[in-house]
Amino acid sequence: MGIGGGILLIVIGAILAFAVSDSVDAVDLSMIGYICIGAGVLVLILAVVMNAQRSNTSHREVIEHREVPPNEQV
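Numbering (my numbering), first residue to last: 95 to 168.
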């Protein structure tokens, strides 16, 4: 999901929690909005932590030179 998915969940949750005034039977839209905001914050934190760990890894390129010894024929 990544950082963009977390931001999207936060935006959708904020719209449901603060901007929608409709009510649906047996569904509390503001609570669903708060749940989406919480999930978005969690996804955002996890994405930042995962990206920070990924940047600390080191990559080495192994170059192997193979030469024919001077005494051997090819």
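Idealized CB from N, CA, C, for every residue including glycine. Model, not experiment: these values are computed from the prediction.
In three-state terms, what does DSSP make of residue i?
{"i": "valine 210", "result": "Nothing about residue 210 can be reported from this structure: the residues present for the chain run from 95 to 168 only."}
{"i": "asparagine 150", "result": "coil"}
{"i": "methionine 95", "result": "coil"}
{"i": "asparagine 145", "result": "helix"}
{"i": "valine 137", "result": "helix"}
Taking just the CA atoms, how far does residue j sit from residue i?
{"i": "isoleucine 104", "j": "valine 142", "result": "15 angstroms"}
{"i": "valine 118", "j": "serine 124", "result": "11 angstroms"}
{"i": "glycine 96", "j": "glutamine 147", "result": "14 angstroms"}
{"i": "valine 156", "j": "asparagine 145", "result": "25 angstroms"}
Is the Cβ-Cβ distance between residue i and residue j less than 8 angstroms?
{"i": "glycine 127", "j": "isoleucine 101", "result": "no"}
{"i": "glycine 107", "j": "isoleucine 131", "result": "yes"}
If you drop the 5 nearest sequence neighbours on each side, which residues of the same chain put their C-beta closer than 6 angstroms to that of residue i?
{"i": "valine 114", "result": "Leu123"}
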